[in-house]
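Residue numbers (our numbering): 50 to 154. By construction, the Cβ of each residue, glycine as well, lies at the ideal position given by its N, Cα and C atoms.
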């Protein structure tokens with residue numbers, strides 16, 4: 050009889066203590082502090098946008114279209130270390146004595 054009452058008392062005490070810890074710990078912030086995350090800040094799940102922006106590279110693809118001379122009004126630009134000539138919306142890359150049309154993506 051004594052052992053069963055002792056066991057019941059221990060179970061009741063454990064349940065009461067567990068309930069208090071759960072109430073204080075989770076609702077009152079005693080054991081678990083409030084988590085704050087701002088999108089875009091370092092070490093947050095959504096901060097990949099900055100990483101993608103820093104690692105994106107432009108690629109240059111040569112076509113099979115060649116020109117002997119450049120059209121008038123071209124400017125020289127450097128993209129990813131490659132010297133190109135921009136004439137309107139078209140890019141040209143020197144290739145020997147000619148210029149090849151390239152696609153910049």
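Return the Cβ separation of residue i and residue j in integer angstroms, given the expectation that the two are a contact with Cβ distance under 8 Å.
| i | j | result |
| --- | --- | --- |
| residue 115 | residue 152 | Rounded, the Cβ-Cβ distance is 14 Å, inconsistent with contact. |
| residue 135 | residue 118 | Their Cβ separation, rounded to whole angstroms, is 15 Å, which puts residue 135 and residue 118 out of contact at 8 Å. |
Could you give the first and the last residue of the continuous beta strand (DSSP E) run that contains residue i?
| i | result |
| --- | --- |
| residue 111 | 109–116 |
| residue 135 | 131–136 |
| residue 146 | Where residue 146 is concerned, there is no enclosing beta strand (DSSP E), given that its DSSP letter is neither H nor E. |
Under 8 Å, do residue i and residue j count as touching if we go by C-beta distance?
| i | j | result |
| --- | --- | --- |
| residue 128 | residue 107 | yes |
| residue 150 | residue 132 | no |
| residue 148 | residue 154 | no |
Helix or strand or just coil, what does DSSP make of residue i?
| i | result |
| --- | --- |
| residue 61 | helix |
| residue 74 | At residue 74 the pLDDT is 49, less than 50, meaning the model places this residue with poor confidence and gives no usable figure here. |
| residue 151 | strand |
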